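Report on the structure given below.
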Amino acid sequence: METIASFVLASSLVILVPGPATFFVMGQAGRGMAAAAGGIAGIVVGDIVLITGAGLGFAALVAQWPFLIDAIKVLGSAYVAYIGIGLIRQALTSRGSMDNRGQIVPPRRQFAKGIALTLSNPKPIIFFAGFFPAFLPLGHQPTLLGFYALGAIFQVVNVCYFAALTLLVRFFSRSLSGAVFQAATVNLLSGIALLICSGILLATLL
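The structure is reproduced here in structure tokens:
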């Protein structure tokens, strides 16, 4: 139990560090609960794919051929920038409030974006490969099943964080309707943050 508690605490600290996924979810929250839920589900599925890759030893493969990381980073940076620009464009053309009831965003589209956003960043594979084994029982060889067990706990924490973030954005959007927490404002800030994240990804290649 102590190991699980330590893992939950460590996972929470890691998840709380803002990244592309955080700003992506904030942007989707500006479009509605359904869009946010679709995006979160996509992120979770993407993480499961990365956890599977880490459990199968893909981290060692990537470490052996570093150019794979560089190539994926370039593609990932471009995709993050694409999402960021999309949010900024929507912010500049939107006139509605956060509720924006007249515009329906298909959750499946945000689901696909969530998967693509997660898979566009290869670094979590190495993170999962180095982070998860530290919380496996002593003498226990890392296995795919062990990675899935810890991954399930990690995703529960992840989903709770994103759900709380979504509810927080929606709460302020209703409380301050017509003020700073309009849909356009959230999308604009999220888009700018994603562009910064894109630049950071490219900077790691220098």
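In the numbering used here, the protein residues as written are 6 to 211. Just so it is clear, CB atoms sit at the ideal spot from N, CA and C, and this is done for glycine as well. Treat the numbers as computed from the prediction; the structure is a model and nothing was measured.
{"Check": "Where does ARG36 sit, in a helix, a strand or coil, going by DSSP?", "Outcome": "coil"}
{"Check": "Nearest to LEU14 by alpha carbon, out of ALA198, PHE159 and LEU170?", "Outcome": "PHE159"}
{"Check": "Expressed to the nearest angstrom, what Euclidean distance is found between the alpha-carbon atoms of VAL191 and ILE90?", "Outcome": "13 Å"}
{"Check": "Just to confirm before moving on: does the CB-CB distance between ILE120 and GLY51 stay below 7 Å?", "Outcome": "yes"}
{"Check": "Under 7 Å, do PHE116 and ALA39 count as touching if we go by C-beta distance?", "Outcome": "no"}
{"Check": "Give the straight-line distance between the Cα atoms of PHE133 and CYS202, rounded to the nearest whole angstrom.", "Outcome": "20 Å"}
{"Check": "Suppose you measure from the CA of TYR153 to the CA of LEU122; what does that come to, to the nearest Å?", "Outcome": "21 Å"}
{"Check": "Compute the Euclidean distance between the alpha carbons of LYS226 and LEU199, then round it to the nearest angstrom.", "Outcome": "Residue 226 lies beyond the range of the chain shown here (6 to 211); nothing can be said about it."}
{"Check": "Below 7 Å CB to CB, which residues in the same chain sit around VAL164 once its five sequence neighbours on both sides are set aside?", "Outcome": "ILE45 and VAL49"}
{"Check": "PRO111 by DSSP, collapsed to three states: which one?", "Outcome": "coil"}
{"Check": "What alpha helix (DSSP H) runs, 4 residues minimum, are completely inside the segment 131–208?", "Outcome": "149–180 and 188–208"}
{"Check": "Quick one: what does DSSP say SER17 is sitting in, helix, strand or coil?", "Outcome": "helix"}
{"Check": "Once the 5 residues before and after LEU124 are set aside, which same chain residues still bring their CB inside 6 Å of it?", "Outcome": "GLY51"}
{"Check": "In three-state DSSP terms, what is PRO129?", "Outcome": "helix"}
{"Check": "At the 7 Å Cβ level, is ASN126 part of the contact set with chain C, yes or no?", "Outcome": "The displayed structure is made up of one protein chain only, and chain C is not part of it."}
{"Check": "Beta-carbon separation of GLY196 and LEU92 under 7 Å?", "Outcome": "yes"}
{"Check": "Does VAL85 come out as helix, strand or coil in the three-state DSSP assignment?", "Outcome": "helix"}
{"Check": "Does the Cβ-Cβ distance between ARG175 and ALA34 come in under 7 Å?", "Outcome": "yes"}
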